[in-house]
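Numbering (this note's numbering), first residue to last: 1 to 375.
In structure tokens form, the structure reads like this:
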């Protein structure tokens with residue numbers, strides 16, 4: 001949620017005394033002068049300004065005579081202040097009751113990324129952190145957060161359900177949603193996206209610093225937002241494909257694994273979901289080399305990405321790629337980065353996972369973000 005979309009529910013209230021203090025400053029009066037005009041003590045004026053004393057009918061009439069405004073104005077100002085105090089007290093009780101929610105969320109990670117205000121995580125600040133996280137997730141309570149993401153989780157096409165951490169996953173998803181909310185794009189065009197995906201395949205030879213903005217623009221022009229969100233510990237997410245509405249798709253990718261072969265396979269896998277599958281489904285994917293529990297849609301997306309990167313006609317040649325030099329030549333023939341070929345060989349068990357990794361390129365979204373800030 002951005003500051004502009006945040007509901008205005010301040011955690012502070014302004015007593016009528018603030019207005020009195022402003023008028024004193026404007027007229028260059030002292031509290032002692034006001035006390036004399038109102039026929040009360042200087043101590044009383046000090047307490048009135050800080051909200052410790054209330055404005056009753058008699059004082060409201062005196063303020064009308066001395067400072068201006070109507071008595072009704074001063075009484076309404078007092079009533080609003082007291083009502084807000086009650087609201088804040090009730091809210092504070094709710095926030096205090098909800099502090100256990102913090103244990104389910106990657107609070108430090110979100111503070112580090114600037115998604116929420118930094119606080120020391122102690123008993124005093126925990127209610128404020130709850131408030132920050134309600135704003136972040138755009139919900140009114142932890143129960144609403146749980147309902148939203150439990151409902152969404154039903155639609156997740158995940159691999160290893162037992163490693164699911166709804167707190168980390170929901171935070172990663174929300175970071176992408178907030179970024180997507182700020183971006184306008186034309187309506188989705190399947191034809192344009194197919195053309196974009198073909199062009200993007202030719203960019204796999206480039207470094208992440210060179211290809212990132214290009215692929216994001218190609219996707220955006222076709223009505224698909226490509227958002228890169230650094231991985232969050234315990235989320236175990238490589239990518240996600242979903243529809244924000246019937247005309248706008250979202251592909252969200254992390255740097256889980258931090259290698260370009262994983263990034264590219266994830267991108268084309270998620271692109272396949274957009275091209276092949278229902279607009280109602282949410283596909284949340286993790287690729288880490290372990291055996292997975294895949295749906296039919298996941299198998300289709302996997303197969304589509306595999307064949308798109310290395311067409312089936314080259315399957316037999318994969319068995320002959322037993323040296324780095326041969327892999328490099330083969331990747332040039334296909335027009336893809338050699339790291340992608342190495343990833344395929346490792347995934348298919350044709351080489352060990354510790355072999356030829358120097359042909360891959362490190363991929364860190366955090367590094368890309370830092371470089372983009374350098375003038």
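Every residue gets a Cβ at the ideal spot worked out from N, C-alpha and C, and that includes glycine.
field: Residue nearest to residue 211 in terms of C-alpha spacing, selected from 200, 310 and 220
entry: Within the chain shown, numbered from 1, the residue matching residue 211 stands at position 211. When C-alpha distances from residue 211 are compared across 200, 310 and 220, the shortest belongs to 200.
query: Less than 7 Å separating the beta-carbons of residue 49 and residue 17?
result: Position 49 of the chain shown, counted from the start, is the residue given in the question as residue 49. Position 17 of the chain shown, counted from the start, is the residue given in the question as residue 17. Result yes, Cβ atoms of residue 49 and residue 17 sit closer than 7 Å.
- prompt: Between which two residues does the alpha helix (DSSP H) harbouring residue 95 extend?
  reply: Numbered from its first residue, the chain shown carries residue 95 at position 95. Per DSSP, the unbroken alpha helix (DSSP H) holding residue 95 starts and ends at 71-97.
task: Along the alpha helix (DSSP H) that carries residue 33, what are the first and last residues, could you check?
output: Your numbering for residue 33 matches position 33 in the chain shown. For residue 33, the enclosing alpha helix (DSSP H) stretches over residues 31-38.
field: Cβ-Cβ separation, residue 260 to residue 363 (assumed contact under 8 Å), whole Å
entry: Position 363 of the chain shown holds residue 363. Position 260 of the chain shown holds residue 260. A Cβ-Cβ distance of about 5 Å is found for the pair residue 363 and residue 260, placing them in contact under the 8 Å criterion.
message: Less than 7 Å between the C-beta atoms of residue 127 and residue 96, yes or no?
response: Counting from one through the chain shown, the residue named residue 127 turns up at place 127. Counting from one through the chain shown, the residue named residue 96 turns up at place 96. Contact: yes.
- prompt: Given a threshold of 16 other Cβ atoms within 10 Å of its Cβ, counted over all protein chains shown, does residue 247 qualify as buried or as exposed?
  reply: Counting from 1 along the chain shown, the entry for residue 247 is found at position 247. Counting other Cβ atoms within 10 Å of its Cβ, residue 247 stays below 16 and is therefore classed as exposed.
message: For residue 114 and residue 145, I'd like the C-alpha separation in whole angstroms.
response: Against the chain shown, residue 114 aligns to sequence position 114. Against the chain shown, residue 145 aligns to sequence position 145. Between residue 114 and residue 145, the C-alpha separation is close to 20 Å.
message: Taking the straight line between their C-alpha atoms, what separation do you get for residue 319 and residue 325?
response: Within the chain shown, numbered from 1, the residue matching residue 319 stands at position 319. Within the chain shown, numbered from 1, the residue matching residue 325 stands at position 325. Rounded to the nearest angstrom, the two C-alpha atoms are 14 Å apart.
query: Going straight from the alpha carbon of residue 223 to that of residue 214, what length do you get?
result: Along the chain shown, read from residue 1 onward, the residue named residue 223 stands at position 223. Along the chain shown, read from residue 1 onward, the residue named residue 214 stands at position 214. C-alpha separation (whole angstroms): 15 Å.
field: Coarse secondary structure for residue 107, derived from DSSP in three states
entry: Position 107 of the chain shown, counted from the first residue, corresponds to residue 107. It is helical.
query: Are there three or more Cβ pairs, one per stretch, closer than 8 Å when the segment 101-118 is compared with the segment 72-89?
result: No: fewer than three Cβ pairs fall under 8 Å.
field: Within 7 Å, strictly: CB atoms of residue 274 and residue 252
entry: Position 274 of the chain shown, counted from the start, is the residue given in the question as residue 274. Position 252 of the chain shown, counted from the start, is the residue given in the question as residue 252. In terms of Cβ geometry, residue 274 and residue 252 do not form a close pair [threshold 7 Å].
message: Going by beta-carbon coordinates alone, are residue 168 and residue 235 separated by less than 7 Å?
response: Taking the first residue of the chain shown as position 1, residue 168 is located at position 168. Taking the first residue of the chain shown as position 1, residue 235 is located at position 235. Between residue 168 and residue 235, the CB-CB gap stays under 7 Å.
message: What does DSSP give as the partner residue(s) for residue 283 in the beta ladder?
response: Taking the chain shown and counting its residues from 1, the one referred to as residue 283 is at position 283. Paired residues: 241.
- prompt: Less than 6 Å between the CB of residue 284 and some heavy atom of the ligand FAD, yes or no?
  reply: The ligand FAD is not part of the structure shown, which contains no ligands of any sort.
task: Look at the alpha carbon of residue 295 and the alpha carbon of residue 130, and state the distance between them as a whole number of angstroms.
output: Taking the first residue of the chain shown as 1, we reach residue 295 at position 295. Taking the first residue of the chain shown as 1, we reach residue 130 at position 130. Straight through space, the alpha carbons of residue 130 and residue 295 are spaced by roughly 36 Å.
field: N-terminal and C-terminal residue of the alpha helix (DSSP H) that residue 192 is part of
entry: Residue mapping note: residue 192 aligns to position 192 of the chain shown, counting from 1. Its alpha helix (DSSP H) spans residues 190-201.
- request: Out of 44, 365 and 359, state which residue places its alpha-carbon closest to the alpha-carbon of residue 229.
  value: As a working mapping, residue 229 is identified with position 229 in the chain shown. Answer by Cα proximity: 365.
- request: Within its chain, find whatever has a CB closer than 7 Å to the CB of residue 33; leave out the 5 residues flanking it on each side and keep chain order.
  value: Looking up residue 33 in the chain shown gives position 33. Answer for residue 33: no residue qualifies.
One or two residues paired with residue 187 in a DSSP bridge: As a position in the chain shown, residue 187 is number 187, starting the count at 1. Residue 187 is not bridged to any residue.
message: At the level of alpha carbons, what is the spacing between residue 81 and residue 59?
response: Counting from one through the chain shown, the residue named residue 81 turns up at place 81. Counting from one through the chain shown, the residue named residue 59 turns up at place 59. Distance between the alpha carbons of residue 81 and residue 59 is about 16 Å.
task: Answer with buried or exposed for residue 285, where buried requires no fewer than 16 other C-beta atoms within 10 angstroms of its C-beta.
output: In the chain shown, the residue the question calls residue 285 occupies position 285. Around the beta carbon of residue 285, a 10 Å sphere encloses 16 or more other beta carbons of the protein chains shown; the residue is thus reported as buried.
Rounded C-alpha distance that separates residue 377 from residue 310: Since the first and last residues shown for the chain are 1 and 375, residue 377 lies out of range.
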